[in-house]
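For the sequence shown, the residue numbers in mature numbering (1 follows the signal peptide of the UniProt record, and there is no 0) are -31 to -1, 1 to 273. Data block below; observations after.
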Amino acid sequence: MKKQTSKLTNQILKVLTISTMSVFFAYPSFADSEPKIPAIYAQDVQGIQWETFIPNIKKEVVIGSGSPSINSAGINGRIAAITMPADRGTLDINITSVIENSQVFIPNVLVLDESFQPAAFFASKHFKYEQAGIMSNDRVEGKIKLTPAIGQKQIYLVIFTSPEDLKGQTTMVAAAKAYAAGTGHAIPDIPDPIARHASEGRLIVEVKAQNNSNDNVIVGLPLFNSSDKDVVKAELLSSNVNTATTVNQAPKPILSETANYFDENIKNAVAAGDINKALQLLEEAERLGSKTARNTFVKSIEQK
């Protein structure tokens, strides 16, 4: 446990060294213990039309012949390309893939930050089968919680299925078995239906914004280091993103009482699990010239 905490702290230090403003935080931090992160290159996303989701919204997305596609080593096939504002606080995203006609699209989700840099990856095993209910069909479903770093304006979701997923199938629960279980009757000895995995399907995507992120329990870190030169570059898909380097004047020395105030509130925010608030306090403290806020933040995370 201590070794894992130390590793996480080192990653946080590396990320904070890059820039708090350019980092994307996600929860859960690692969707898989050893995810095979798909490689995406500049030409893969050139010209993609992103569908905008403004929280709070619930919308159907059909992946079919009219959908955008990516053909690369990491992602090959039709995708759902979704963008949403990143300045609304923590985002709760529920993705449902409906099972219809004995087939289902198995989602994987690659999250890109406003500069089109891969920031988090949720592989297909993050999405689980849910049996039909009174108001819902059989489906594969998963929830994602994302907390963009301060300064992010837009984020992007690439929802795709993989060649490995297409080889599989999902075993459903027979309707007669579900009914018997719900009414207390004997479960009939009948086979369960099978849904084959398909390259097309129907998704229901719901996005809710939280102004308060108290339920965040851990900070997710980017799954790509800044040294990955072949990852999608912001300038190749400009959307009024300012990539110019800003030279800031050195801040005036901060009063010790003010620095202590920020340090204490950063500790309290991390202890309460409100990472978004802690990051806001960190940014404001450093803007005022604090030399201790960053170290306080890192130590607080390490002690969680």
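Backbone N, C-alpha and C define an ideal beta-carbon position, used for all residues, glycine too.
Cα separation between residue i and residue j?
i: Q138; j: H154; result: 29 Å
i: S71; j: Q123; result: 36 Å
i: P87; j: L81; result: 4 Å
i: N40; j: I32; result: 15 Å
i: T140; j: F96; result: 14 Å
i: Q100; j: I270; result: 38 Å
i: V67; j: P157; result: 25 Å
i: K273; j: A240; result: 7 Å
i: T227; j: A254; result: 8 Å
i: E20; j: I159; result: 42 Å
i: Y(-5); j: I244; result: Its pLDDT being 38, under 50, Y(-5) is placed unreliably by the model, and the measurement read from it follows with that caveat. If I take the Cα positions, the gap works out to 11 Å.
Buried or exposed: where does residue i fall if 16 or more other Cβ atoms within 10 Å of its Cβ makes it buried?
i: A213; result: Low confidence applies to A213: its pLDDT is 34, below 50, so where it sits in the model is not reliable enough to give any reading.
i: A262; result: buried
i: S259; result: buried
i: V35; result: Checking the sequence shown, residue 35 turns out to be Gly, not Val. Exposed, because fewer than 16 other Cβ atoms sit within 10 Å of the Cβ of G35.
i: I64; result: buried
i: L224; result: exposed
i: T107; result: One detail in the question is off: residue 107 reads as Asp in this sequence, not Thr. The residue in question, D107, is buried, as its Cβ has 16 or more Cβ neighbours within 10 Å.
What residue does the alpha helix (DSSP H) around residue i start on, and which one ends it?
i: T227; result: 225 to 240
i: V267; result: 262 to 271
i: A147; result: 144 to 152
i: L115; result: Counting along the chain, L115 falls outside any alpha helix (DSSP H), though it belongs to the beta strand (DSSP E) covering 108 to 117.
i: L248; result: 244 to 256
Going by C-alpha to C-alpha distance, which of the options sits closest to residue i?
i: I163; options: Q86, S105, G120, V73; result: V73
i: D61; options: A150, E175, A101; result: E175
i: L79; options: T59, A92, Y148, I64; result: A92
i: E29; options: I223, A49, E99, L172; result: L172
i: I113; options: E99, A89, K5; result: A89
i: K136; options: T227, S66, F231, A167; result: A167
i: G43; options: A145, G102, P76, P7; result: P7
i: F129; options: A50, L251, N234; result: A50
i: A145; options: N237, G102, I17; result: G102
i: R47; options: Q121, S84, G170; result: G170
Looking at the ligand NAD, does it come within less than 6 Å of residue i, judged from the CB to the closest heavy atom?
i: N45; result: Ligands in the displayed structure: none, and consequently the ligand NAD is not present.
Could you give the residue range of the beta strand (DSSP E) that holds residue i?
i: I32; result: 26 to 32
i: N63; result: 59 to 67
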